[in-house]
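Novice:
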Amino acid sequence: MSLSIVTSVSPDGVVEIAPRGEIDVDTAHEVREAIAAVLTKGRPGRIELNMRLVTFIDSVGISAMVAGFQTAEVSGVKLLVTEPSRFVHRQLWVTGLLGLFGAPEPYFAGTAQAPEVPSTGV
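Start counting at 1 in the sequence shown, then tack on 4, and there's your number in my numbering.
(1) Tell me which same chain residues have a C-beta within less than 6 Å of the C-beta of Asp30, skipping the five on either side of it?
(2) Would you check if the stretch 54 to 71 and the stretch 25 to 43 touch, i.e. whether three or more CB-CB distances between them fall below 8 Å?
(3) When you compare only the Cα positions, how much space is there between Arg47 and Phe112?
(4) Quick check on the DSSP output: the beta strand (DSSP E) that includes Thr11 runs from which residue to which?
(5) What residue ranges within the stretch 19 to 71 form continuous alpha helix (DSSP H) runs of no fewer than 4 residues, ordered along the chain?
(6) If distances are taken between C-alpha atoms only, which option among Val98, Asp28 and Val81 comes closest to Glu52?
(7) Throw me the rounded Cβ distance for the Val58 and Thr11 pair, which I believe falls under 8 Å.
(8) Less than 7 Å between C-beta atoms, sequence neighbours within five positions excluded: which residues of the same chain meet that for Glu26?
(9) In terms of residues, what are the limits of the alpha helix (DSSP H) holding Val98?
(10) So the candidates are Ser79, Pro108 and Pro15; which of them puts its Cα closest to the Cα of His93?
(11) Please list the terminal residues of the continuous beta strand (DSSP E) segment that includes Leu83.
(12) Using the rule of at least 16 other Cβ atoms within 10 Å of the residue's Cβ for burial, across every protein chain shown, is Gly49 buried or exposed?
(13) Take Ser79 as the anchor and find which of Asp28, Ala40 and Val13 has the nearest alpha-carbon.
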């Protein structure tokens with residue numbers, strides 16, 4: 005599967021970068037380039053990396069996200085991950101990087117929020 009990236013700007017100046025597909029050794033550079041392109045055009049108050057439609061991410065993809073975070077930070081711009089797919093959320097949690105990107109909750113398709121976990125009745 006390929007990767008496509010849509011970049012948009014909200015009325016309050018927040019830039020959203022929304023990749024769709026797989027971020028891996030073949031496509032990770034596209035994420036870095038999208039972040040760099042935003043920073044080349046100006047200094048938004050915040051960049052949100054919306055990961056809802058990312059179906060797979062490997063270590064090279066995670067590395068690209070960290071590099072983008074560092075590039076944004078040097079420029080004085082906060083980069084956060086929003087709506088990570090469950091797969092992306094799991095990878096960020098396993099690598100210990102979830103907090104770096106704002107500790108977002110995973111995105112659950114078709115619901116406004118995460119489903120409730122039933123009580124074990126302890």
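Using N, Cα and C, we set each Cβ at its ideal position, and we do this for glycine too.
Specialist: This is what the structure gives:
(1) The residue you call residue 30 lines up with position 26 of the sequence shown. The answer is none, since no qualifying residue turns up.
(2) yes
(3) Taking the sequence shown and counting its residues from 1, the one referred to as residue 47 is at position 43. Taking the sequence shown and counting its residues from 1, the one referred to as residue 112 is at position 108. When rounded, the distance between both Cα atoms is 31 Å.
(4) Residue 11 sits at position 7 when you count from the first residue of the sequence shown. Counting along the chain, the beta strand (DSSP E) containing Thr11 begins and ends at Leu7 to Val13.
(5) 32 to 45
(6) Taking the first residue of the sequence shown as position 1, residue 52 is located at position 48. When each option's Cα is compared against that of Glu52, the closest is Val81.
(7) Start at 1 with the first residue of the sequence shown, and residue 58 comes out as number 54. Start at 1 with the first residue of the sequence shown, and residue 11 comes out as number 7. No, Val58 and Thr11 are not in contact; Cβ-Cβ is about 15 Å, not under 8 Å.
(8) Residue mapping note: residue 26 aligns to position 22 of the sequence shown, counting from 1. Excluding residues within five positions, the ones whose Cβ falls inside 7 Å are Met5, Leu7, Thr59 and Phe60.
(9) Sequence index remark: in the sequence shown, residue 98 carries index 94 (1-based). First-last of the alpha helix (DSSP H) with Val98: Arg90 to Val98.
(10) Here residue 93 corresponds to residue number 89 of the sequence shown, with the count starting at 1. Closest by alpha carbon: Pro108.
(11) As a first step, residue 83 is located in the sequence shown; it is residue number 79 there, counting from the start. Taken as a continuous stretch (DSSP letters only), the beta strand (DSSP E) holding Leu83 covers Lys82 to Thr86.
(12) Sequence index remark: in the sequence shown, residue 49 carries index 45 (1-based). Exposed: under 16 other Cβ atoms inside 10 Å.
(13) On the sequence shown, residue 79 is found 75 positions in, with the first residue counted as 1. Closest by alpha carbon: Ala40.
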